[in-house]
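Notes for the one structure printed next.
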Amino acid sequence: MTTHEQLASANLQLEAEVRELATRLREAEGAIGAIRRGEVDTLIFQGEAGPQLFTLAGRDAEANRFRGEILAQISDAVIVSNPDRLVTYLNTAAETLYGVPASDALGRHVSRLFKTQWDSPKSRSIAEAALLRLGAWRGELVQVTQDGRILNVESRVTMMREVAGIPGGALAVIRDVTERHRDDARVRVSEIRYRRLFEAAHDGVLLLDPATGRIIEANPFMTRMLNYPHEYLIGKELFEIGLLKDASASRDMFLKLRTESEVRYENLPLEGRDGKHQEVEVVANLYDEDGRSVIQCNIRDITVRKQAEEHVKLLMAEVNHRAKNLLAIVQVMAQQTAKLGDPKTFAVRLSERIAGLAAGQDLLVKSEWHGVEVSELIEAQLAHFRELIGSRILLDGMAVRLAPAAAQGIGMALHELSTNAAKYGALSQSTGEVIIRWRLSEDADPVFTMSWRERGGPLASRPQRTGFGQVVVGRMAAAAVNGAADIDFAKEGVSWSLSARARDVVASDGA
Amino acid sequence: MNPGSSPTEIAKPRILIVEDEPMLAYALEESLTEEGFAIAGVASRTEQALAMIATAGCDGAVIDMNLGGQSAAPIAAELRAREIPFVVVSGYSKAQQLDTFPGECFLQKPYRSGDLISALRIVLARQ
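Going down the list, the protein sequences come from chains A and S.
The numbering of the first sequence is my numbering, which starts it at 6 and goes up by one.
The numbering of the second sequence is my numbering, which starts it at -13 and goes up by one.
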């Protein structure tokens, strides 16, 4: 073969290869065009390891599913609607929030999901204008769901432009804030409630900044207590308003608060602006208020409580004094009963005398030591003979209220007289009577007289020796009324009389 | 003859009893007499006691601190001024007592008669 022939053959071969390459290039351009136009589902790539298959539509679906999953995961409701407000997409959160499944909502008007409750027509037109002009709007809305629930939502709406013939629409991302609104309302109510407590409290309340020791808030009662205006208190330290004596006392309190978180002062003298002294109790607490500490001081005016405590103390001392006095009397009664009486009847006689004393005490306590009516005193001391009062025991006297000491002395005398009458006198037999008479004279300095007369009983005679009973009805009764008492053993019966100035015997009004 | 002028009567110390409770005053009077004292007087009120000290006088006294709600402190002051020894008795506790009658010989009610007599003898001997 000649050189010429060889060249011509190579030329032919080259031309064939160029044609082959041009064809492949056209095919490749066609494939790329088809991929671009979305006409290709699958590509087979002839590589060294053999043909590889790529499914283009599968990758797209994968991406779409991925996007769908993301939208399903987020807690905000996402709704896409077309220009006719028909729903073209909604995520799981939207289905849940509005209680409508996607199958029921897609292709339907958005009002299938909710209706917006605008607070005014004006806010609606503002929102619509913003969407038109800026293509986006965000704000808070109230929506009513199909099942009648009222939702507070935060809504972000974005207008979507028309792309490649696909008409635009709206993308709404909606966050349910109903719970937060409810919490806010609760916080507001609670704030109002506690504010009211603070304002109306009958304790002073001060809030202090622990860093500076200065007052940051004071309630109205505090300003009344100190008689300082509210503005004056703010920014002051405790010692400046007379609550603690000096700056070092303030420092001590803060130091103590840091370790103990509560400090209590039982009795602090508090001096207000007008110099008025008050006894106060202060309880200071260190609180954490959202990461920032605050000291709350409760200041209570305990002046009245202190007075009541003093009064109780006084009463206790008085009760103690009276109880001891009574024990001393019982002691003397026992000694005298033993000394001047019959040892065989000692226990019985002493018990009777103590019972008489107790009956008198009951009356005094009942009247709060204001005094005892004579008739009441007689009925109490003659309780054993209650059924004889009005028949064999005759009471004759007006209403006279005896002072405590007189009531006790006369009461004991009546007890001795009735015991004696029951043993030896007018009440010892089935016949015989006692007349008890008392009078208040009508002089300028009135005299109180009282008498006990027995008659119709056995013949009376003066006892052989002076018993304790005689001492009680005689000189003791006389001493109790600061007057005179006399007993007479006449044959027809025992006769006892007592007289004293009314001012020593009669209870004074209101005393 | 005036019994006060007999030699035995003069030797007896005259004691003033200040007690508003008649039964206690009676018992005191009795036990003091039995123990060889003479009774200078029995008073149940402050002014009455002061009058007795001023007129009749006494060598010693037994005072109830509380006389029907009234304090017997003026009597104690008067006795101190006259250097007359005395014993204070009261139903109040010792702590309550010492505020008003500091440093005095004090007996709480109810007391034993023997204790009162001893206390009275001690304060009289101090003179």
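All residues carry an ideal CB built from backbone N, CA and C; glycine is no exception.
- Against residue 340 of chain A, the close residues of chain S are 13 and 99, in the order they occur along the chain (beta-carbon pairs closer than 8 Å).
- Scanning A:410, A:150, A:229 and A:86 for the CA closest to the CA of residue 166 of chain A turns up A:86.
- DSSP places residue 211 of chain A in the uninterrupted beta strand (DSSP E) bounded by 209 to 214.
- Contact annotation: the stretch 373 to 390 of chain A does not touch the stretch 31 to 49 of chain S, with fewer than three C-beta pairs closer than 8 Å.
- Listed by position along chain A, the residues whose Cβ is nearer than 9 Å to that of residue 20 of chain S form an empty set, because the closest Cβ is around 10 Å away.
- By the neighbour-count criterion, in which a residue is buried when 16 or more other Cβ atoms sit within 10 angstroms of its Cβ, residue 197 of chain A is exposed.
- The straight-line gap separating the alpha-carbon atoms of residue 265 of chain A and residue 304 of chain A is approximately 19 Å.
- At a beta-carbon threshold of 9 Å, the residues of chain S lying near residue 327 of chain A are 77, ordered along the chain.
- For residue 29 of chain S, the three-state secondary structure derived from DSSP is strand.
- Look at residue 458 of chain A here: in three-state DSSP terms it is strand.
- Listed in chain order, the positions of the stretch 262 to 287 of chain A with a beta carbon within less than 8 Å of a beta carbon of chain S would be empty, since no residue qualifies.
- Between residue 437 of chain A and residue 458 of chain A the beta-carbon gap is near 11 Å, outside 8 Å, which marks them as no contact.
- Distances from the alpha-carbon of residue 137 of chain A to those of A:124, A:173, A:301 and A:112 put A:173 closest.
- For residue 429 of chain A, no alpha helix (DSSP H) segment is defined, and its DSSP state is neither H nor E.
- Looking at the DSSP output, residue 499 of chain A sits in a beta bridge with A:494.
- Sequence-distant partners of residue 244 of chain A (beyond 5 residues in either direction) whose C-beta falls short of 8 Å from its own C-beta, in its chain, are 250, 251, 252, 254 and 255.
- Residue 410 of chain A and residue 485 of chain A do touch by the CB rule: their CB atoms are close to 6 Å apart, below 8 Å.
- Under the criterion of beta carbons closer than 8 Å, residue 423 of chain A and residue 387 of chain A qualify as touching, at roughly 5 Å.
- Counting C-beta atoms within 10 angstroms of its own C-beta, residue 389 of chain A has fewer than 16 neighbours from the protein chains shown and is therefore classed as exposed.
- A residue is called buried when at least 16 other Cβ atoms come within 10 angstroms of its Cβ; residue 435 of chain A does not meet this threshold and is exposed.
- In this structure, the beta-carbon distance from residue 158 of chain A to residue 189 of chain A does not fall below 7 Å.
- In the structure shown, residue 241 of chain A falls within a coil segment according to DSSP collapsed to helix, strand and coil.
- Residue-level contact check: residue 478 of chain A does not touch chain S, since none of the beta carbons of chain S fall below 7 Å from its beta carbon.
- Residue 191 of chain A is not bridged by DSSP to any residue.
- Counting C-beta atoms within 10 angstroms of its own C-beta, residue 28 of chain A has fewer than 16 neighbours from the protein chains shown and is therefore classed as exposed.
- Contact between residue 232 of chain A and residue 279 of chain A holds: CB atoms are separated by about 5 Å, below the 8 Å threshold.
- With a threshold of 16 other beta carbon atoms within 10 Å, residue 6 of chain S meets it and is buried.
- Between the stretch 412 to 431 of chain A and the stretch 496 to 507 of chain A there are three or more inter-stretch CB-CB distances shorter than 8 Å, so the stretches are counted as touching.
- Taking the Cα positions, residue 334 of chain A is about 6 Å away from residue 9 of chain S.
- For residue 63 of chain S, no beta strand (DSSP E) encloses it; the enclosing alpha helix (DSSP H) starts and ends at 59 to 67.
- Closest in alpha carbon position to residue 418 of chain A, among A:362, A:405 and A:281, is A:362.
- In this structure, residue 70 of chain A keeps its C-beta atom at 7 Å or more from the C-beta atom of residue 92 of chain A.
- Close to residue 336 of chain A, with beta-carbon spacing below 7 Å, are these residues of chain S in chain order: 96.
- Taking a C-beta distance under 7 Å as the contact criterion, residue 61 of chain S and residue 109 of chain S do not qualify as a contact pair.
- In the structure shown, residue 120 of chain A adopts extended strand secondary structure according to DSSP, grouped into three states.
- Within chain S, the residues whose beta carbon sits less than 9 Å from that of residue 332 of chain A are 77, 95 and 96, listed in sequence order.
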